[in-house]
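Engineer:
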Amino acid sequence: MPLWTFFGLARGKATTNWPRGDGDNGQAGGLGMPRYHPERCKADCDDCVGACLPGAIRLRPQGQGGPRLELDYGRCVACRLCTEVCADGALTPSADWAFGVRSREDLRWTEAVGSAPAQRLKGAIHAAFGRSLHVRHVDAGSCNGCESELQALNNPFYNLHRLGVFFTPSPRFSDLLLVTGPVTYTMREPLLETYRAMPEPRWIMAVGTCAVSGGVAGGGYACAHGLDGILPADVYLPGCPPNPAALIEALLMLLQRAPQRVKGGRLVD
Amino acid sequence: MNGAEQRILSVRELTAACEDLLRHGGRMQMAYGWFPQEGAPPELCYLASPAQGRFVLWRCRLQAGDEVPSLARISPLLGWYEREIHELCGVSFASHPEPHPLVLHEGAQAVLPPLDTRRAPQQALQFQPEPWRLPEVAGKDVQLLPFGPVRADVVESAQFVFVYIGEAILHFHPRLFFKHRGMEQRFRGLSPMLGTVLAERVSGVGSVAHGLAFCQALEAAAKCAVPPRARWLRVLLAEMERLYNHFHYLGHLCHTTTLKVGEAEGKWLEERVKQLNARLTGSRFLSGLLCPGGLRRDLDPAGLSDALEALRHEFAEYIERLERTNSHVDRLMTTGVLSRQAAFDQGATGPVERASGLDRDLRRDHPYAAYADLPLMVAVRDAGDAHARMQVRASEIDASFALIQRLLLLLPDGPVRADCRPLAKSEGLGWSESPRGSLYYAIHVDEHGRLERVKIKSPSFSNWRAFPLTVHDSNMMDYAINEASFGLTIAGCDR
Ligand code: SF4
Numbered sequence: 009m010p011l012w013t014f015f016g017l018a019r020g021k022a023t024t025n026w027p028r029g030d031g032d033n034g035q036a037g038g039l040g041m042p043r044y045h046p047e048r049c050k051a052d053c054d055d056c057v058g059a060c061l062p063g064a065i066r067l068r069p070q071g072q073g074g075p076r077l078e079l080d081y082g083r084c085v086a087c088r089l090c091t092e093v094c095a096d097g098a099l100t101p102s103a104d105w106a107f108g109v110r111s112r113e114d115l116r117w118t119e120a121v122g123s124a125p126a127q128r129l130k131g132a133i134h135a136a137f138g139r140s141l142h143v144r145h146v147d148a149g150s151c152n153g154c155e156s157e158l159q160a161l162n163n164p165f166y167n168l169h170r171l172g173v174f175f176t177p178s179p180r181f182s183d184l185l186l187v188t189g190p191v192t193y194t195m196r197e198p199l200l201e202t203y204r205a206m207p208e209p210r211w212i213m214a215v216g217t218c219a220v221s222g223g224v225a226g227g228g229y230a231c232a233h234g235l236d237g238i239l240p241a242d243v244y245l246p247g248c249p250p251n252p253a254a255l256i257e258a259l260l261m262l263l264q265r266a267p268q269r270v271k272g273g274r275l276v277d
Numbered sequence: 003m004n005g006a007e008q009r010i011l012s013v014r015e016l017t018a019a020c021e022d023l024l025r026h027g028g029r030m031q032m033a034y035g036w037f038p039q040e041g042a043p044p045e046l047c048y049l050a051s052p053a054q055g056r057f058v059l060w061r062c063r064l065q066a067g068d069e070v071p072s073l074a075r076i077s078p079l080l081g082w083y084e085r086e087i088h089e090l091c092g093v094s095f096a097s098h099p100e101p102h103p104l105v106l107h108e109g110a111q112a113v114l115p116p117l118d119t120r121r122a123p124q125q126a127l128q129f130q131p132e133p134w135r136l137p138e139v140a141g142k143d144v145q146l147l148p149f150g151p152v153r154a155d156v157v158e159s160a161q162f163v164f165v166y167i168g169e170a171i172l173h174f175h176p177r178l179f180f181k182h183r184g185m186e187q188r189f190r191g192l193s194p195m196l197g198t199v200l201a202e203r204v205s206g207v208g209s210v211a212h213g214l215a216f217c218q219a220l221e222a223a224a225k226c227a228v229p230p231r232a233r234w235l236r237v238l239l240a241e242m243e244r245l246y247n248h249f250h251y252l253g254h255l256c257h258t259t260t261l262k263v264g265e266a267e268g269k270w271l272e273e274r275v276k277q278l279n280a281r282l283t284g285s286r287f288l289s290g291l292l293c294p295g296g297l298r299r300d301l302d303p304a305g306l307s308d309a310l311e312a313l314r315h316e317f318a319e320y321i322e323r324l325e326r327t328n329s330h331v332d333r334l335m336t337t338g339v340l341s342r343q344a345a346f347d348q349g350a351t352g353p354v355e356r357a358s359g360l361d362r363d364l365r366r367d368h369p370y371a372a373y374a375d376l377p378l379m380v381a382v383r384d385a386g387d388a389h390a391r392m393q394v395r396a397s398e399i400d401a402s403f404a405l406i407q408r409l410l411l412l413l414p415d416g417p418v419r420a421d422c423r424p425l426a427k428s429e430g431l432g433w434s435e436s437p438r439g440s441l442y443y444a445i446h447v448d449e450h451g452r453l454e455r456v457k458i459k460s461p462s463f464s465n466w467r468a469f470p471l472t473v474h475d476s477n478m479m480d481y482a483i484n485e486a487s488f489g490l491t492i493a494g495c496d497r
């Protein structure tokens, strides 16, 4: 019978320090949402619009002023096709993945980023949970990509427990409802039932582009458009899927232990 | 259909054809329906693989008033396909042995079947949840435990009903398709490139296998030759996908036998492959690279060989320890035995069927990408239990490491993308051996070169059908271990 404890000890510490200190967030090389450079955008071109499956890019209606494109990162699945068809460099690939926001509006690209993102959610959250958070996850019809990354949170590298965040089987003991998937017609009621079983105060996080807006699966005969019109989210985290570091940042943001980094559709820090 | 031979059959010839195929050592792979002509009855397509040679697509154009025989009594695995065709295309199968709702839940209503082309694509189903009927089980001390669809931990949604006495499970009834997103219908009208983006998102942990089968189906339809370097790099992507999935599998299996350090090690190996994936491709799931005709851009695998060699050493030590850990292995041996016959009849695939003595692997039997040029060891076991399923996957990890190293050594130079445009009204079949088994895409292109009908046969659709057979008459304590040993996804099955 091998000695697993010694094996574990010999393997050393896999866990990253991140987000503290100079820890590694584990996402080297990973690509995220495309960046928009409106000054390079040429008139009479809509190649990116046709390249975007989930409809994240639209032409702004004539006469409205402002940049030519309307970009909604809440719909973007980070396929990067727009960056490949854009001949003028108006859309470029980037490593931006920390796209958790409190207001759905902050996922829409806007020209003027005025004030810093609102950093307070519901004043009570810190008082209510101190430093720990219990999460009930509901898969409302995902492709299993989001689950794969949520499961990764408890691998030795991210070790989510060290940050005081726990997944719990019972809605009755949970503070946060974390939803993935576009919400299929069959999952709508079980989702709402889980929400109703949670004690107040309770929070909701839409994880992955499907839960934020429906993504590429939303609509059709079997799916809604994510939580839109079903439950109001306190944090929206698009991504296809969002990587574990993005998930951790969004969870800490909810707990007001990390700042929101996106405002008006781009990183502001 | 390009990629398969074709055989036109009338409704009356179906039964004899199916019996004949089985008698000669062949096997059914999948079946689906589609509407080649708006308003007319659908065409049924059955994919058969004879004992030798290429796939054959049987096509049966229905006429109004046709009585369609169910083939499920001859080839049981067809039972689910027929039920799906019934619900999505409105075809009834005479004397079907299991005439219950499958893909669309009780209470879902549609004036026209979801895949009928007269239906507006965005029209949602009407749904008034209705109670579903369970097999009746009566007797002293018999209890019923429904579980789900929202289950414990971070897992996919599905409902399971256990009928049990004490520890003994009398009957197990999974209710799936809570996650049915209607993905096949979402392909309709898309360009081939956008179709690839969608295919990569049918099953997140199978992005490459799905993207690849989709692209290969289109390339068959377009009669397009993929440049050698792209074919080789596609194998690299597919094997990296196998590695992280199989590591996850081993870690999760340890979770169910409560071997904590073993769980951590498996998931740590998985994480490191995902991190390598991101460095190599920009995506932890290796998505955003495949396209009809090759790859969207070239890859530079510098440094990958060394990184994988280090992982291989760790894995060797890890699996050796696992095999020597009696508390783990004892829980796996004799658990969830799937007989060779049941695996064959129900259409089990991938590591599951190979652990039950069926020696099949699309990479070797119907080679695609660059598999014909690379050495591949196919692992087979006979025990059919959870332990055999683990061993097959462990051997496949070894085989993947070896195959990737060889590939990196011999990787040809050259372009990675060829022009690929399917002709109007063309059709193609594509396949890949995903980490979970055989995956097929059948594609029908419309007169504008856009996708008209895309059928997806996922490995988990096959294996979910076989799995319950190993649960009846087993015990509660072993259930989680047995489920983990099958390595099923629900997204792929439900689509
Ligand atoms: S990267 Fe996002 S915005 Fe660009 S085409 Fe893909 S989904 Fe659309």
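For the record, the sequence lines run as chains A and B.
FYI, the numbering for the first sequence is 9 to 277, going by the numbering used here.
FYI, the numbering for the second sequence is 3 to 497, going by the numbering used here.
Beta carbons: idealized from backbone N, C-alpha and C, even for Gly.
Relative to chain B, which residues along the stretch 192 to 221 of chain A have a C-beta separation below 9 Å, given in chain order?
Structural biologist: Result list: Thr192, Tyr193, Thr194, Met195, Arg196, Glu197, Pro198, Leu199, Glu201, Thr202, Cys218.
Engineer: In chain order, what residues of the same chain lie with their CB nearer than 6 Å to the CB of Gln161 of chain B, ignoring the 5 residues before and after it?
Structural biologist: Result list for Gln161 of chain B: Gly150, Pro151, Arg177, in chain order.
Engineer: Out of A:His233, A:Ala253, A:Asn251, A:Gln264, point me to the one whose CA is closest to Asp242 of chain A's CA.
Structural biologist: Among A:His233, A:Ala253, A:Asn251, A:Gln264, the Cα nearest to that of Asp242 of chain A is on A:Gln264.
Engineer: Taking 9 Å as the cut-off, decide whether the C-beta atoms of Thr198 of chain B and Cys217 of chain B are in contact.
Structural biologist: Taking 9 Å as the Cβ cut-off, Thr198 of chain B and Cys217 of chain B qualify as a contacting pair.
Engineer: Specify, as a first and last residue, the run of the alpha helix (DSSP H) that Val57 of chain A falls within.
Structural biologist: Element bounds for Val57 of chain A: 55 to 59.
Engineer: What would DSSP say about Gly494 of chain B, mapped onto helix, strand or coil?
Structural biologist: Helix.
Engineer: For Glu45 of chain B, which option in B:Ala126, B:Ala420, B:His88, B:Phe403 has the closest C-alpha, if you only look at C-alpha atoms?
Structural biologist: Ranking the options by Cα distance to Glu45 of chain B, first place goes to B:His88.
Engineer: Should the stretch 18 to 37 of chain B be regarded as contacting the stretch 62 to 76 of chain B, the criterion being three or more beta carbon pairs within less than 8 Å?
Structural biologist: The stretch 18 to 37 of chain B is in contact with the stretch 62 to 76 of chain B.
Engineer: Go ahead and label Gln343 of chain B buried or exposed: buried means 16 or more other beta carbons lie within 10 angstroms of its beta carbon, across all protein chains shown.
Structural biologist: When all chains shown are included, Gln343 of chain B counts as exposed.
Engineer: Measuring straight from C-alpha to C-alpha, what distance separates Ile492 of chain B and Gly71 of chain A?
Structural biologist: Cα to Cα, the separation comes out at about 47 Å.
Engineer: Helix or strand or just coil, what does DSSP make of Leu292 of chain B?
Structural biologist: Leu292 of chain B falls in the strand class under three-state DSSP.
Engineer: When Cβ atoms are compared, which residues of the stretch 19 to 37 of chain A fall closer than 8 Å to chain B?
Structural biologist: Hits within the stretch, in order: Arg19, Ala22, Gly34, Gln35, Ala36, Gly37.
Engineer: Whose C-beta lies closer than 8 Å to the C-beta of Leu79 of chain B among residues of the same chain, with five residues either side of it excluded?
Structural biologist: Same-chain partners within the cutoff: Met30, Asp347, Gln348, Gly349, Ser464, Arg467.
Engineer: Give me the Cα-Cα distance between Glu435 of chain B and Asp367 of chain B, rounded to the nearest whole angstrom.
Structural biologist: Rounded to whole angstroms, Glu435 of chain B to Asp367 of chain B spans 10 Å at the Cα level.
Engineer: For chain B, find out if any of its Cβ atoms is closer than 9 Å to the Cβ of Val146 of chain A; answer yes or no.
Structural biologist: It does: the Cβ of Val146 of chain A has a partner Cβ on chain B nearer than 9 Å.
Engineer: Can you tell which of B:Leu261, B:Thr260, B:Glu272, B:Val237 has the C-alpha that lies nearest to the C-alpha of Tyr251 of chain B?
Structural biologist: For the residues B:Leu261, B:Thr260, B:Glu272, B:Val237, the minimum Cα distance to Tyr251 of chain B belongs to B:Glu272.
Engineer: Please list the terminal residues of the continuous beta strand (DSSP E) segment that includes Asp147 of chain A.
Structural biologist: Its beta strand (DSSP E) spans residues 141 to 147.
Engineer: State the Cα-Cα distance for the pair Gln393 of chain B and Cys256 of chain B, rounded to the nearest angstrom.
Structural biologist: Taking the straight line joining both Cα atoms gives about 13 Å.
Engineer: In three-state DSSP terms, what is Ala390 of chain B?
Structural biologist: Helix, per DSSP.
Engineer: Residues of the stretch 232 to 255 of chain A in Cβ contact with chain B at a cutoff of 9 Å, in chain order, please.
Structural biologist: Flagged, chain order: Ala232, Cys248, Pro249, Asn251, Pro252.
Engineer: Compare the Cα-Cα distances from Gly338 of chain B to each of B:Ala482, B:Pro133, B:Leu278, B:Arg188 and report the closest residue.
Structural biologist: Considering only alpha carbons, the answer is B:Ala482.
Engineer: Suppose you measure from the CA of His212 of chain B to the CA of Leu441 of chain B; what does that come to, to the nearest Å?
Structural biologist: Between His212 of chain B and Leu441 of chain B, the C-alpha separation is close to 7 Å.
Engineer: Can you tell me which residues fall inside 6 Å of the ligand SF4, judged by beta-carbon distance to its nearest heavy atom, and keep chain order?
Structural biologist: Working through the chain, the matches are A:Pro42, A:Ala59, A:Cys60, A:Pro62, A:Ala64, A:Ile65, A:Cys84, A:Val85, A:Ala86, A:Cys87, A:Arg88, A:Leu89, A:Cys90.
Engineer: Taking only runs that begin and end inside the stretch 47 to 103 of chain A, name each unbroken alpha helix (DSSP H) of 4 or more residues, in chain order.
Structural biologist: As far as the stretch 47 to 103 of chain A is concerned, its whole alpha helix (DSSP H) runs of at least 4 residues are 55 to 59, 89 to 93.
Engineer: What would DSSP say about Lys262 of chain B, mapped onto helix, strand or coil?
Structural biologist: Lys262 of chain B: helix per DSSP, three-state reduction.
Engineer: Closer than 8 Å, Cβ to any Cβ of chain B: which residues of the stretch 61 to 95 of chain A, in chain order?
Structural biologist: Those would be Leu61, Val85, Ala86, Cys87, Arg88, Leu89, Glu92, in chain order.
Engineer: Beta-carbon of Ser140 of chain A versus every beta-carbon of chain B: anything under 9 Å?
Structural biologist: No, no contact with chain B.
Engineer: For a contact meaning CB atoms closer than 9 Å, what does Ala280 of chain B contact in chain A?
Structural biologist: Simply Gly34, Gln35, Ala36, Gly37, Gly38, Leu39, Asn251.
Engineer: Which term fits Gly40 of chain A, buried or exposed, when burial requires 16 or more other beta carbons within 10 angstroms of its beta carbon?
Structural biologist: The residue in question, Gly40 of chain A, is buried, as its Cβ has 16 or more Cβ neighbours within 10 Å.
Engineer: Assuming the contact rule is C-beta atoms closer than 8 Å, Pro250 of chain A and Glu157 of chain A should be a hit. Round their C-beta distance to whole Å, please.
Structural biologist: Indeed, because the Cβ distance is near 7 Å, the residues count as touching under 8 Å.
Engineer: Taking any Cβ of chain A, which residues in the stretch 136 to 157 of chain B have a Cβ under 9 Å from it, in chain order?
Structural biologist: Of all residues in the stretch 136 to 157 of chain B, Gly150, Pro151, Val152, Arg153, Ala154, Asp155, Val156, Val157 have a Cβ within less than 9 Å of some Cβ in chain A.
Engineer: Output the boundary residues of the beta strand (DSSP E) element that contains Val456 of chain B.
Structural biologist: That run of the beta strand (DSSP E) goes 453 to 459.
Engineer: At the level of alpha carbons, what is the spacing between Glu201 of chain A and Met195 of chain A?
Structural biologist: C-alpha separation (whole angstroms): 10 Å.
Engineer: Output needed for Asn167 of chain A: all residues of its chain with C-beta closer than 6 Å, excluding positions within five of it in sequence on either side, in chain order.
Structural biologist: Same-chain partners within the cutoff: Thr23.
Engineer: Are there three or more Cβ pairs, one per stretch, closer than 8 Å when the stretch 163 to 172 of chain B is compared with the stretch 469 to 482 of chain B?
Structural biologist: Judged by Cβ distances under 8 Å, the stretch 163 to 172 of chain B makes contact with the stretch 469 to 482 of chain B, as three or more pairs qualify.
Engineer: Is the beta carbon of Leu239 of chain A sitting closer than 9 Å to the one on Val215 of chain A?
Structural biologist: No, these two residues do not count as a Cβ contact at 9 Å.
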